[in-house]
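Residue numbers (this note's numbering): 212 to 360. All C-beta atoms, glycine included, are put in the ideal place defined by N, C-alpha and C.
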């Protein structure tokens with residue numbers, strides 16, 4: 212094995228890939244966020260727009276926390292990674308639920324667009340990133356074509 216390939220392997224092993232995936236998902240979400248907010252504004256007015264913006268922000272924060280947690284745990288061990296994935300999911304789901312209950316009675320909140328935006332943003336970004344990551348893993352020498360998101 213050559214020196215260059217060993218250096219590349221070490222660089223890949225220490226790169227926080229999980230965090231990079233989360234940041235990439237948020238970057239893609241920044242393109243779709245104005246559309247979601249505009250749709251909510253058209254359907255529910257100013258409260259809908261504020262709620263949708265808050266929902267998008269929650270989804271982005273959730274993905275960033277997830278990526279940071281998984282990146283940190285991946286450096287420790289595979290067992291820590293599995294524990295962080297499961298435990299982190301339960302913890303983050305609990306935090307999202309607590310935040311939704313905390314803002315429920317606020318005058319700027321419309322719960323329907325908030326919950327819809329939160330769900331659509333999470334699912335949409337996860338599907339987009341899954342497609343991107345699976346294509347990257349299937350063809351490591353080739354990068355997927357940059358189309359749209």
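Euclidean distance between Cα positions of residue i and residue j
i: residue 324; j: residue 251; result: 6 Å
i: residue 361; j: residue 332; result: With the chain running from 212 to 360 in the structure shown, residue 361 is simply not present.
i: residue 291; j: residue 302; result: 15 Å
i: residue 294; j: residue 246; result: 36 Å
i: residue 260; j: residue 298; result: 32 Å
i: residue 314; j: residue 337; result: 25 Å
i: residue 248; j: residue 296; result: 30 Å
i: residue 284; j: residue 241; result: 27 Å
i: residue 330; j: residue 289; result: 29 Å
i: residue 312; j: residue 328; result: 16 Å
i: residue 254; j: residue 286; result: 45 Å
i: residue 316; j: residue 234; result: 31 Å
i: residue 257; j: residue 342; result: 34 Å
Below-8 Å beta-carbon distance, residue i vs any chain B residue
i: residue 284; result: The displayed structure is made up of one protein chain only, and chain B is not part of it.
Cβ shell of residue i (< 8 Å), same chain only, five flanking positions each side left out
i: residue 353; result: Residue confidence is low: residue 353 scores 48 on pLDDT, short of 50, so the model does not pin down where it sits. Its coordinate-derived value is still stated next. Once the five neighbours on either side are set aside, residue 353 has no close Cβ partner at all.
Chain-order list of residues whose beta-carbon lies under 6 Å from that of residue i (same chain, five-residue window excluded)
i: residue 227; result: 282
i: residue 280; result: 295, 299
i: residue 262; result: 320, 321, 324, 325
Limits of the alpha helix (DSSP H) - the one that residue i falls within
i: residue 275; result: 228–285
i: residue 289; result: 289–314
Contact set for residue i: own chain, Cβ-Cβ below 7 Å, skip 5 residues either direction
i: residue 237; result: 271, 274, 275
i: residue 307; result: 269, 273
i: residue 244; result: 267
i: residue 230; result: 278, 279, 282
Margin query: Between the segment 264–277 and the segment 308–324, can you find at least three pairs of beta-carbon atoms closer than 8 Å?
Written below: yes
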